[in-house]
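Some notes on the structure that comes next.
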Amino acid sequence: MIRTQSRTSTLIARELKKSYDGFEAVKGVDFEVYRGECYGFLGPNGAGKTTTMKMIYGAVIPTDGELEVAGLDVRRCEREIKRRIGVVPQENNLDDDLKVKENLLVYGRYYDLPRKVALRRAEELLEFVELTERAESPVDQLSGGMKRRLLIARALINDPEIVVLDEPTTGLDPQARHLVWDRLRALAAEGKTLVLTTHYMEEAARLCDRLVIMEGGLIIAQGSPKELIEEHVSPQVLEFRAGPEELERLRPVVEATADAVERTGEALLVFTADADTIMDRVRECGVEVENTVYRHAGLEDVFLRLTGRRLIE
Amino acid sequence: MGAIRVPSPRGAFRVWQRNVTIFRKYWKSIMFPNFIEPLLYLAALGLGLGAFIQQGGINGQSYIQYIAPGLLASNAMFAASFESTFNTFVKFEINKIYDAIITTPVNAEDVVAGEYLWAGTRAALYGTAFLAVLTVLGFAFGEPLISSWWALFIPPALLVIGVMFSVMGTLFTSLIQRIDFYAYYFTLVVTPLFLFSGIFFPVENFPAPVPQIAWFTPLYHAVNLCRALATGPSLATLVDAAWILVFTAGLALVPVQIMRRRLIG
Ligand SMILES: Nc1ncnc2c1ncn2[C@@H]1O[C@H](COP(=O)(O)OP(=O)(O)OP(=O)(O)O)[C@@H](O)[C@H]1O
Ligand SMILES: [Mg+2]
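In structure tokens:
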């Protein structure tokens, strides 16, 4: 955050749009990613995240607007851009006819890497994603999480300056997820630019310097995780659990002093800067509460506030 | 955006190379059927049916001598057709191999061209092995099945013939959404070509317009070319070779454009 002054942009989108046969999946988005930062895209299913990622890596051509990647126009320099980026797609597309290490070596050939360089990088990368023991396994014998890690290794074979990761940790167990986070942080520390999509708020909060929230093909909020929380929700949250009737009686009691009150299936969420006062009110009113949780507001609260608590599709 | 895309040889080579890498692992187990099939035709028709064909055979050749070079051409057609239909469809729609490749500096158009080259290579490999068998069998029968040194040009000819049928197969692949539709392609295109392109009997003896129609079909010229190279070519062979080259070059870029549009949204 301190380096703001010296930052140069490596990815710039202006009024970027994409329609599939008349259906507008991305309706005009603007964003700017600085070199060396980790930039996140959050949003419910169908928000247009993958479509945006695909425009970056050349698998989808924008219908309208501008998109520059590593200073190059995606419409005119597709090969050069692809040479300089790495891609982890949302859907696994490893080469099933090849073994684990072969996947990396054959992929390296697509970038014209000399055989020796490819071999060295493949070994380093297998080490990096902790798959060295599986180097000679057929790909279809890997677990889902191992495949995901191999995809990350594959995306790095050309030593890219920008890495695009579409849901890199979906389907991973907690250990594997932490491993991937760790590796992504290492990449960021090397100075690589990371662009990722995720459905995990914790992931976004831990990894992303800045992020956007998309919904319905539009960006509805952007900023650092901290800024987003400060801007859209109050710092403290009280969650009261009780029967539906009790919660309804509780609502007017807290509404008067809280910044915002949200009702989920079994709880009442109260956003405030002053949890003590709310607690006092609740105690005074005499409604029986089974369970109270006090916590700091997080990205998930922002996300749910902005995109609503129902299923959007 | 609407510009016609021309493949890069470098990218096409990389895709070809991928296929070679995989083929080298499995060739022993997959080559056998492709190889045995023409021998079955040769045995059943050349020896079996040939025994009933009157003395003198066709154009001064025994029946088995007549059909052997034609089977080289049809073998190339089958090899390239399977490669550009079922195999390509699986890589494209099921295993999403091409989606992965096109995120690298290899473009969608290079992928298609690489697959053409690979199908041609495969046709040439199978054909060369079959050619060797025919040569040896000829000695065994005491009547040569391959009688000209021009036969050394058969492998490169099969490469081009393979590319031609790969372009046709890929065109069909680029137009269909479901793998089941290949039944149409094989029943309505490949099988009729196999039966009516002069492999088993000369189509020239049929009344018009059969020979005229045959002239406009690809396998007819491939059979002529292989037969001429096996026995010694004439000037007419140049027409067959030119037909194949013009047809292939004229059609090659069409599947490239359609596949690109399917791979890139
Ligand atoms: N090839 C396509 N043809 C037609 N519509 C498409 C195509 N790809 C995506 N869409 C539509 O575009 C919209 C955005 O899809 P996209 O895959 O970008 O969403 P997403 O934000 O990545 O969702 P998820 O979180 O589920 O991965 C969706 O409504 C989807 O149905
Ligand atoms: Mg997606």
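Heads up: the protein sequence lines correspond to chains A and B, in order.
Position one of the first sequence corresponds to residue 101 (my numbering), numbered consecutively onward.
Position one of the second sequence corresponds to residue 282 (my numbering), numbered consecutively onward.
Glycine is no exception: its CB is placed at the ideal position from the N, C-alpha and C atoms.
Here the structure is a predicted model, which is why all the values come from computation and not from measurement.
Pick from the options that is closest to residue i, judged by C-alpha positions
i                      : options                    : result
residue 158 of chain A : A/174, A/145, A/375, A/229 : A/174
residue 324 of chain B : B/466, B/387, B/468, B/415 : B/415
residue 399 of chain A : A/143, A/131, A/118        : A/143
residue 356 of chain B : B/372, B/328, B/471        : B/471
residue 500 of chain B : B/443, B/537, B/402, B/540 : B/443
residue 313 of chain A : A/182, A/147, A/116, A/120 : A/147
residue 338 of chain B : B/492, B/467, B/483, B/393 : B/483
residue 269 of chain A : A/197, A/307, A/321        : A/307
residue 138 of chain A : A/130, A/284, A/187        : A/284
residue 131 of chain A : A/112, A/140, A/141        : A/112
residue 115 of chain A : A/303, A/379, A/162, A/381 : A/162
residue 264 of chain A : A/381, A/204, A/287        : A/287
residue 295 of chain B : A/211, A/315, A/330        : A/211
Under the three-state DSSP convention, the category residue i falls into
i                      : result
residue 286 of chain B : coil
residue 447 of chain B : helix
residue 315 of chain B : helix
residue 401 of chain A : helix
residue 103 of chain A : Bear in mind that a pLDDT of 48 at residue 103 of chain A, under 50, signals an unreliable position, so the number given afterwards is only what the model happens to contain. In the structure shown, residue 103 of chain A sits in a helix (DSSP, three-state: H, G or I).
residue 111 of chain A : strand
residue 499 of chain B : helix
residue 391 of chain A : strand
residue 379 of chain B : helix
residue 120 of chain A : strand
residue 386 of chain B : coil
residue 279 of chain A : helix
residue 290 of chain A : coil
residue 241 of chain A : helix
residue 361 of chain A : strand
residue 311 of chain A : strand
residue 128 of chain A : strand
residue 468 of chain B : helix
residue 413 of chain A : Residue placement at residue 413 of chain A is flagged as unreliable, the pLDDT there being 43, under the threshold of 50; the coordinate-derived value follows with that caveat. Coil, per DSSP.
residue 213 of chain A : coil
residue 303 of chain B : helix
residue 516 of chain B : coil
residue 521 of chain B : helix
Boundaries (first-last residue) of the alpha helix (DSSP H) holding residue i
i                      : result
residue 364 of chain B : Premise fails: residue 364 of chain B is in no alpha helix (DSSP H) and is neither H nor E.
residue 395 of chain B : 389-422
residue 322 of chain A : No alpha helix (DSSP H) holds residue 322 of chain A; the beta strand (DSSP E) holding it covers 318-323.
residue 265 of chain A : Note, residue 265 of chain A: premise wrong, no alpha helix (DSSP H); beta strand (DSSP E) at 262-266.
residue 376 of chain A : 375-385
residue 157 of chain A : 149-157
residue 160 of chain A : Unbroken run through residue 160 of chain A: none, as it is neither H nor E.
residue 351 of chain A : 344-355
Start-to-end residues for the beta strand (DSSP E) that takes in residue i
i                      : result
residue 371 of chain A : 367-372
residue 414 of chain A : Nothing can be reported for residue 414 of chain A: it is not among the residues displayed for chain A, which extend from 101 to 413.
residue 340 of chain A : 336-341
residue 166 of chain A : 164-169
residue 296 of chain A : 293-297
residue 187 of chain A : 185-188
9 Å Cβ cut-off: residues of chain B touching residue i
i                      : result
residue 187 of chain A : 381, 384, 385
residue 368 of chain A : Chain B residues near residue 368 of chain A: none, gap ~44 Å exceeds 9 Å.
residue 183 of chain A : 385, 386
residue 191 of chain A : 377, 380
residue 134 of chain A : The contacting residues do not exist; residue 134 of chain A stays about 23 Å from chain B at best.
Contacts that residue i makes with chain B (C-beta to C-beta distance below 8 Å)
i                      : result
residue 195 of chain A : 299, 376, 378, 381
residue 209 of chain A : 295, 298, 299
7 Å Cβ cut-off: residues of chain A touching residue i
i                      : result
residue 460 of chain B : Simply none; closest approach about 17 Å.
Amino acids of chain A, ordered along the chain, whose beta-carbon sits closer than 8 Å to that of residue i
i                      : result
residue 395 of chain B : By Cβ distance, chain A contributes nothing, its closest Cβ being about 11 Å from residue 395 of chain B, past 8 Å.
residue 451 of chain B : Going along chain A, no residue has its Cβ under 8 Å from residue 451 of chain B, so there is no contact; the nearest lies around 19 Å.
residue 303 of chain B : 197, 198
Under 7 Å by beta carbon: chain B residues contacting residue i
i                      : result
residue 154 of chain A : 546
residue 179 of chain A : 386, 388
residue 206 of chain A : 299, 302
Residue i beta carbon near ligand 3 (any heavy atom closer than 7 Å)
i                      : result
residue 157 of chain A : For ligand 3, the structure offers nothing, since it holds only ligand 1 and ligand 2.
Using a strict less-than 7 Å threshold between each residue's beta carbon and the heavy atoms of ligand 2, what residues do you get? Having a Cβ closer than 7 Å to some heavy atom of ligand 2 are A/149, A/150, A/190, A/266, A/267, A/297.
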